[in-house]
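Heads up: the sequence shown begins at 4 in my numbering, then just goes up one per residue.
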Amino acid sequence: MWTDNETEYDFLNFGSVAKTVSQVIEDANEKPVSIGVSGAWGIGKSSMIKLIRNELKKSDDSQLSTENKYVFVEFNAWLYQGYDDARAALIEVVASTLLKEAESRETGLDKAKDLCARVDWFRAIKMSASSAISLGLGLPPVGLVNELIDTGKGLAYGGVNQSDIENIESVAENISAKTKGLITPKKVNTPPKQIEALRQSFEETLKDMGVTLVVLIDDLDRCLPETTISTLEAIRLLLFLKHTAFVIAADDQMIKHAVKRHFQGVEDELVTNYFDKLIQVPIRVPPLGTQEVRAYMMLLHVENSNLSSAQKESLRSGVCQQLSKTWQGKRVDLKFLRELNGELPDELVARLDVADRLAPIMTSATGISGNPRLIKRFMNALSIRMAMAKSQGVTVDEASLAKILLFERCGDTKAYAELIKAVTESNDGTALFISEWEEIVSAGNTPELNAPWDDAFALEWLRLSPPLGSQDLRGALYVSREHAPLITPEDRLSPEAAELLQAYLEHPDMASSSKEQLQKIQKPELSVIMDRLFGKANQQQEWGTPPILDPLILIAQADSTQAQRLGGFLKDRPAAQIKASIVPKLDGETWATGLFDYWLADEDIARPVKNSINSRRKNGNVSIK
């Protein structure tokens with residue numbers, strides 16, 4: 004299993020992009036910079052953020068100075084959604100981080116404390132009518148301290164009069180001491196001035212500490228529009244100050260959608276301008292091609308293997324180097340990984356082989372489109388189903404199960420239902436109707452596919468190894484039944500018929516004792532039972548007196564339709580499988596007359612079989628037409 008969290012390990016050669024971003028921040032030389040890391044959901048933006056931080060830390064650690072010049076703040080607005088105001092939370096996280104850093108460095112401590120005090124004020128701001136009056140009087144907003152709670156009750160409900168103002172003035176002197184000198188009574192401390200003071204305090208703190216603050220914003224595109232805008236406003240408040248760098252990971256289309264929802268009625272051009280004013284350096288996470296998808300899947304398997312840490316790192320490093328050369332025609336495949344490491348465990352080789360074959364269609368299939376998060380989820384689902392199969396004793400080929408799972412996720416739902424129906428209704432669990440298509444595809448030709456199979460994905464899926472048309476797929480579908488119910492023939496049986504079928508399958512030699520029970524079974528159910536018995540009978544390699552023949556004969560005696568089916572089934576057995584001992588077993592069965600005639604006319608039927616038939620007819624033991 005693989006977690007759905009971001010990783011600090013580069014499986015996709017994103018390190019080159021991370022190094023570029025790191026260099027942009029270093030080259031800014033303490034000047035403000037904002038970088039937008041954009042890309043679709045699950046493409047790897049969070050991992051890119053981790054890689055950027057690692058690159059900056061490497062650069063920091065290589066400096067001669069004993070103290071690092073970068074202070075990092077990682078902020079996930081999504082975690083605060085519904086619990087806190089994202090704007091105030093971001094500013095508070097930044098201030099508390101700087102205070103902690105100042106305490107450890109023993110530099111800029113006074114400035115950091117002043118900044119935290121101003122942030123406390125900012126956190127209390129509620130730009131309602133009551134807050135505006137409070138600020139105009141030089142007081143903190145109503146609700147900041149307990150002494151103002153009662154005084155502000157009238158204001159909270161919108162009723163503001165001269166008496167209210169006089170009450171607020173009467174407690175002004177007491178409150179000013181508790182705000183640590185940030186606000187002085189009777190001085191006009193308007194919100195713009197307080198915000199400007201906050202920005203100045205923030206910049207002075209960074210200067211005194213001699214650090215550059217790197218704020219890493221993630222998962223902004225997961226937030227509701229209100230949270231997204233609130234976070235962007237906080238970013239804007241601290242943006243473009245010296246000694247700051249903001250790296251914002253988000254799908255730019257989702258951000259623009261949030262802006263459009265918030266500022267209703269604005270034109271698309273204004274929405275774009277809003278975003279562009281926040282982002283100086285836009286960087287897009289590159290989409291994955293087949294080589295990257297193959298490398299990613301293989302390295303995930305390597306990560307979960309029993310190889311040593313040194314071997315894993317050697318493979319990862321080698322793969323990333325090879326990815327940087329794919330534009331020259333270099334490939335990342337199983338052969339390349341074997342060249343890197345030499346001997347690989349057989350179990351790992353089998354999984355790498357499956358990844359090698361799946362990569363092209365995982366890149367192009369609409370339901371996955373090379374998305375790393377979706378690829379990881381696909382591989383987790385495959386891992387779970389293989390574990391389920393093992394725990395339940397179901398023998399399933401992993402490559403076949405992967406192909407089934409891929410069709411389940413990306414294929415047409417009606418086509419998938421047809422596949423399930425064909426498998427469950429067949430005697431041996433095969434979907435023979437796709438065999439012909441697979442043969443045409445393997446010959447390098449394109450079959451004519453009927454609806455609902457007539458789409459590009461189905462054609463690519465048929466080309467994917469291994470072919471499934473002649474495989475027993477019941478086990479694979481059984482462990483995949485959470486998405487599509489596996490309706491087997493037994494599901495259409497009454498409890499009595501199902502019990503009888505189970506007895507026939509487990510103890511066919513005891514069938515003769517069930518004649519009385521068989522009389523109570525409806526004819527449609529007899530057909531279902533016969534289907535299942537034929538499925539087991541298909542596994543027989545010799546037809547003399549196998550135990551499975553007893554229940555087959557018994558059902559043929561109970562229903563003439565099933566007797567005809569049994570005769571046809573035995574005619575289809577290869578001539579080499581028919582043994583002379585079967586003739587006495589069928590002696591006296593009316594439906595067997597035509598079967599015996601068929602065997603006598605078949606040149607490939609062994610002479611002892613024909614002699615047995617002729618001998619019994621001569622003696623009057625076998626009916627003659």
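We put the CB at the ideal spot given by N, CA and C, even for glycine. Quantities reported herein were computed from a predicted structural model and do not represent experimental measurements.
- Under the three-pair Cβ rule at 8 Å, the segment 194-210 does not count as touching the segment 48-63.
- Membership of residue 29 in the alpha helix (DSSP H) is indicated by the continuous run 18-30.
- Runs of the alpha helix (DSSP H) lying entirely within the segment 590-618, each at least 4 residues long, are 595-604 in chain order.
- Per DSSP, the beta bridge partners of residue 221 are 79.
- Secondary structure note for residue 105: its alpha helix (DSSP H) is the uninterrupted segment 89-108.
- Residue pairing by DSSP places residue 216 opposite 74, 247 in a beta bridge.
- Boundaries of the beta strand (DSSP E) around residue 39: 36-41.
- Across the structure, residue 602 and residue 535 are spaced so that their CA atoms are roughly 25 Å apart.
- Beyond the five residues adjoining it in sequence on each side, residue 425 comes within less than 7 Å, by CB distance, of 434, 436 in the same chain, given in chain order.
- Residue environment: residue 578 is assigned as exposed (fewer than 16 neighbouring CB atoms within 10 Å of its CB, all protein chains considered).
- Contact between the segment 460-475 and the segment 409-419 is established, with three or more Cβ pairs separated by less than 8 Å.
- Judged by pairs of C-beta atoms under 8 Å, the segment 247-265 touches the segment 33-53, as three or more such pairs exist.
- Fewer than three beta-carbon pairs drawn from the segment 322-331 and the segment 386-402 are found closer than 8 Å, and the two stretches are therefore not classed as touching.
- In its chain, beyond the 5 residues on either side, 76 have a beta carbon closer than 6 Å to the beta carbon of residue 97.
- Residue 286: member of the beta strand (DSSP E) spanning 284-287, first to last residue.
- Residue 554 holds the alpha-carbon nearest to the alpha-carbon of residue 503 among 554, 550, 18.
- Of the candidates 532, 95, 381, 591, 381 places its Cα closest to the Cα of residue 304.
- For residue 546, the three-state secondary structure derived from DSSP is strand.
- Setting aside the 5 residues that flank it on each side, residue 207 is surrounded in the same chain by 114, each with a C-beta closer than 6 Å to its C-beta; the list follows chain order.
- A direct Cα-Cα distance of roughly 46 Å separates residue 264 from residue 336.
- Note that the segment 337-353 touches the segment 297-314; at least 3 beta-carbon pairs, one per stretch, sit closer than 8 Å.
- Counting only the Cα atoms, residue 472 lies some 14 Å from residue 450.
- Taking 8 Å as the cut-off, the beta carbon of residue 250 is found no closer than this to the beta carbon of residue 72.
- Residue 252 has 40 as its beta-bridge partners, per DSSP.
- Comparing alpha carbon positions, the residue from 593, 277, 204 closest to residue 241 is 204.
- With contacts defined by Cβ atoms closer than 8 Å, residue 586 and residue 610 do not form a contacting pair.
- Distance check between residue 526 and each of 81, 558, 45, 320 places 558 closest, using alpha-carbon atoms only.
- Residue pairing by DSSP puts residue 581 in a beta bridge opposite 546.
- In this structure residue 293 does not touch residue 231 by the C-beta definition: roughly 34 Å separates them, more than the 8 Å allowed.
- Of all alpha-carbon atoms in 480, 531, 508, the one lying nearest the alpha-carbon of residue 497 is that of 531.
- In the three-state scheme derived from DSSP, where H, G and I count as helix and E and B as strand, residue 334 is classed as coil.
- Counting only the Cα atoms, residue 309 lies some 51 Å from residue 514.
- Exclusion of the five residues before and after residue 476 leaves 426, 432 as the residues of its chain whose Cβ lies within less than 6 Å of its Cβ.
- Under the three-state reduction of DSSP, residue 399 is assigned to coil, being neither helix nor strand.
- With respect to the 8 Å criterion, residue 512 and residue 455 are not classified as neighbours on the basis of their beta carbons.
- Classified as exposed, residue 272 has fewer than 16 neighbouring CB atoms from the shown chains inside 10 Å of its CB.
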